[in-house]
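*Asks:*
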Amino acid sequence: MQKGNGERIVFLDYLRSIAIVCVVIVHAAENVYRFNVTEYAAWTLTERIVMVGLFDLGRMSVPLFFFISGYLLLSRNYDDEKCCRFWRRNWLPLLTASSFSIFLVSIWDLWGGLGNLVMWKTVAKASMFVGPVPCGILWFLPVMVGLYGCVPVVAVALERFRPRTLMPPLGVAMLMTMVIPMMVPLLRCTVHISLEPALSIGWVGGCYGIYVIAGGMMGRGLKLPMGAGGSLALGGVFFLAVMCYTWLGYARGSASNVWYSSPLLFVASLCVFDAFSKMPNLRPCRMVRSLAACSFGIYALHYPILIFFVEQLPHNNILSVLVSIPLALLVTWGIVAFLSLCRFLAHWVLLAK
28 MQKGNGERIV FLDYLRSIAI VCVVIVHAAE NVYRFNVTEY AAWTLTERIV
78 MVGLFDLGRM SVPLFFFISG YLLLSRNYDD EKCCRFWRRN WLPLLTASSF
128 SIFLVSIWDL WGGLGNLVMW KTVAKASMFV GPVPCGILWF LPVMVGLYGC
178 VPVVAVALER FRPRTLMPPL GVAMLMTMVI PMMVPLLRCT VHISLEPALS
228 IGWVGGCYGI YVIAGGMMGR GLKLPMGAGG SLALGGVFFL AVMCYTWLGY
278 ARGSASNVWY SSPLLFVASL CVFDAFSKMP NLRPCRMVRS LAACSFGIYA
328 LHYPILIFFV EQLPHNNILS VLVSIPLALL VTWGIVAFLS LCRFLAHWVL
378 LAK
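Under this note's numbering, the residues of the sequence shown are numbered 28 to 380, in order.
1) Taking all protein chains shown into account, decide if Cys234 is buried (16 or more other Cβ within 10 angstroms of its Cβ) or exposed.
2) Just to confirm before moving on: does the CB-CB distance between Leu333 and Val79 stay below 8 Å?
3) When you compare the stretch 282-293 with the stretch 197-207, are there three or more beta-carbon pairs, one atom per stretch, that lie closer than 8 Å?
4) Taking the alpha carbon of Ala68 as the reference point, which residue from Leu372, Ala364, Trp274, Ala355 has its own alpha carbon closest?
5) Looking at Leu197: is its Cβ nearer than 8 Å to the Cβ of Met210?
6) Of all the options Glu186, Leu261, Pro224, which has the alpha carbon lying nearest to the alpha carbon of Tyr105?
7) If you scan the stretch 312-345 from start to end, which runs of the beta strand (DSSP E) of 3 or more residues do you find wholly inside it?
8) Taking just the CA atoms, how far does Pro90 sit from Val231?
9) Give the single residue among Ser304, Val239, Pro161 whose Cα lies nearest to the Cα of Leu174.
10) Checking 8 Å against the spacing of the C-beta atoms, do Leu377 and Ala46 come in under that value?
11) For a test of the three-state rule: what should DSSP assign to Ala379, helix, strand or coil?
12) Rounded to whole angstroms, how far is the Cβ of Gly243 from the Cβ of Val181, which I believe are closer than 8 Å?
13) Keeping to the same chain, check which residues put their C-beta closer than 8 Å to that of Ile237; ignore five residues upstream and five downstream.
14) In whole angstroms, what separates the C-alpha of Asp301 from that of Tyr98?
15) Does the stretch 148-157 come close enough to the stretch 117-134 that 3 or more CB-CB pairs lie under 8 Å?
16) Use the C-beta contact count for Arg189: other C-beta atoms within 10 angstroms, 16 or more gives buried, fewer gives exposed.
17) Give me the Cα-Cα distance between Pro179 and Cys110, rounded to the nearest whole angstrom.
18) Using CA atoms only, rank isn't needed, just tell me which of Thr65, Phe94, Val59 is closest to Val77.
19) Quick one: give me the first and last residue of the alpha helix (DSSP H) that Ser304 is part of.
20) Under the three-state reduction of DSSP, which class applies to Cys162: helix, strand or coil?
21) Output the distance between the C-alpha atoms of Lys250 and Lys148, rounded to the nearest integer angstrom.
22) Which residue from Thr71, Arg86, Leu100, Arg75 puts its Cα closest to that of Gly246?
23) Output the boundary residues of the alpha helix (DSSP H) element that contains Pro169.
24) If distances are taken between C-alpha atoms only, which option among Phe335, Phe266, Ala282, Ala364 comes closest to Ile352?
25) Does the stretch 359-371 touch the stretch 317-324, meaning 3 or more C-beta pairs lie closer than 8 Å?
26) Run through DSSP, which three-state label would Pro196 get?
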């Protein structure tokens with residue numbers, strides 16, 4: 028990952044590499060095992076610990092990616108010229124790469140209906156962001172394209188105001204998008220109370236916008252009041268809380284698989300990000316740099332390759348998960364690295380940076 032002057036930020040390369048590995052982990056876990064109440068009841072204690080741990084660890088991928096985007100893009104100072112440059116150099120390549128990825132993976136997902144006109148209309152609408160994405164794993168791309176469009180405006184707001192000035196509206200947004208949604212399944216199972224937040228917080232981008240803004244604040248110097256070790260320890264505590272929340276949900280008969288609206292996941296991921304930002308002795312590594320540069324392409328292309336390997340392995344087997352993760356990651360990484368040798372593909376399709 029690079030600063031505005033072209034100098035790479037080493038700790039962001041490490042975080043982006045960790046994030047893309049987490050993407051493969053969560054998709055491998057949920058395809059080898061079925062995360063529902065019925066299947067969970069048949070798991071052994073070891074499976075419950077390992078699989079919930081891997082699944083929740085994989086969920087940290089999206090928060091880390093959003094933190095990285097906010098750190099890089101919201102810590103800049105924008106004027107009219109820089110805003111236009113951002114749209115041209117950052118937003119437009121993201122738009123084209125996302126559209127192509129959705130088109131390609133949607134065709135794979137709907138392969139059996141290639142002769143159906145309705146299928147092609149579905150793919151076309153998804154690729155132009157006027158219809159739902161057929162392959163659910165790419166839900167992240169329309170969110171990113173939409174959020175990137177507001178980056179210069181949000182960056183100016185962060186530059187203009189102190190963090191504590193922005194805390195009240197962000198606190199309300201976090202309450203509506205994270206705190207209350209976390210309480211909903213537990214209240215429904217225990218005291219039979221149903222809550223449904225109705226306050227509109229679209230102006231902040233929902234919980235995803237909060238991740239980006241938090242990353243931007245970190246980029247502008249906001250840190251947790253502890254060292255790297257303390258941040259990692261605190262992150263570990265909150266990660267265990269995420270796992271406990273998942274276990275409690277299943278124990279109550281609710282498949283409460285953690286989503287990105289979880290405040291526990293938010294804090295755990297933020298602590299990891301903060302810890303790496305305080306590690307000045309991280310050394311540049313060619314493999315880490317390559318994996319970070321290929322992360323978008325790996326995200327866009329890994330799923331069909333992962334499914335191929337999963338289908339060759341036994342289901343409901345921990346070893347199958349542990350084998351399919353490196354296989355899918357290495358094969359996809361190799362393909363993306365090779366395609367990135369073409370500068371056009373690297374810039375407009377794979378976002379190799």
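We put the beta carbon where it would ideally sit given N, CA and C, even for glycine.
*Replies:* To lay it out plainly:
1) In the sequence shown, residue 234 corresponds to position 207, counting from 1. So Cys234 counts as buried.
2) In the sequence shown, the residue the question calls residue 333 occupies position 306. In the sequence shown, the residue the question calls residue 79 occupies position 52. For Leu333 and Val79, no; Cβs fall outside 8 Å.
3) yes
4) Along the sequence shown, one-based indexing puts residue 68 at 41. Checked all of Leu372, Ala364, Trp274, Ala355; the closest Cα to Ala68 is Trp274.
5) If you number the sequence shown from 1, residue 197 lands on position 170. If you number the sequence shown from 1, residue 210 lands on position 183. No, Cβ-Cβ distance for Leu197 and Met210 is not below 8 Å.
6) As a first step, residue 105 must be located in the sequence shown, where it is residue number 78. Of the candidates Glu186, Leu261, Pro224, the one whose C-alpha sits nearest the C-alpha of Tyr105 is Glu186.
7) none
8) Mapped onto the sequence shown, residue 231 falls at position 204. Mapped onto the sequence shown, residue 90 falls at position 63. Val231 and Pro90: Cα-Cα distance of roughly 16 Å.
9) Residue 174 sits at position 147 when you count from the first residue of the sequence shown. Measuring from the Cα of Leu174, the nearest candidate turns out to be Val239.
10) The residue you call residue 377 lines up with position 350 of the sequence shown. The residue you call residue 46 lines up with position 19 of the sequence shown. Cβ distance not < 8 Å, so Leu377 and Ala46 don't count as in contact.
11) Start at 1 with the first residue of the sequence shown, and residue 379 comes out as number 352. If DSSP states are grouped into helix, strand and coil, Ala379 belongs with coil.
12) Mapped onto the sequence shown, residue 243 falls at position 216. Mapped onto the sequence shown, residue 181 falls at position 154. About 7 Å; that satisfies the 8 Å criterion.
13) If you number the sequence shown from 1, residue 237 lands on position 210. Same-chain partners within the cutoff: Leu197, Ala200, Met201, Thr204, Met205, Val231, Phe293.
14) For the purposes of this step, residue 301 is identified with residue 274 of the sequence shown, where counting begins at 1. For the purposes of this step, residue 98 is identified with residue 71 of the sequence shown, where counting begins at 1. Between Asp301 and Tyr98, the C-alpha separation is close to 11 Å.
15) yes
16) Working through the sequence shown from its first residue, we reach residue 189 at position 162. Label assigned to Arg189: exposed.
17) The sequence position of residue 179 within the sequence shown is 152, counting from 1. The sequence position of residue 110 within the sequence shown is 83, counting from 1. Whole-angstrom Cα-Cα distance: 6 Å.
18) For the purposes of this step, residue 77 is taken as the residue at position 50 of the sequence shown. Among Thr65, Phe94, Val59, the Cα nearest to that of Val77 is on Val59.
19) The sequence position of residue 304 within the sequence shown is 277, counting from 1. Start and end: 290-304.
20) Sequence index remark: in the sequence shown, residue 162 carries index 135 (1-based). In this structure, Cys162 counts as coil in the three-state DSSP scheme.
21) The residue you call residue 250 lines up with position 223 of the sequence shown. The residue you call residue 148 lines up with position 121 of the sequence shown. Those two C-alpha atoms are separated by around 47 Å.
22) Position 219 of the sequence shown, counted from the first residue, corresponds to residue 246. Closest by alpha carbon: Leu100.
23) Looking up residue 169 in the sequence shown gives position 142. Its alpha helix (DSSP H) spans residues 167-175.
24) Along the sequence shown, read from residue 1 onward, the residue named residue 352 stands at position 325. Considering only alpha carbons, the answer is Phe335.
25) yes
26) Residue 196 sits at position 169 when you count from the first residue of the sequence shown. Helix at Pro196.
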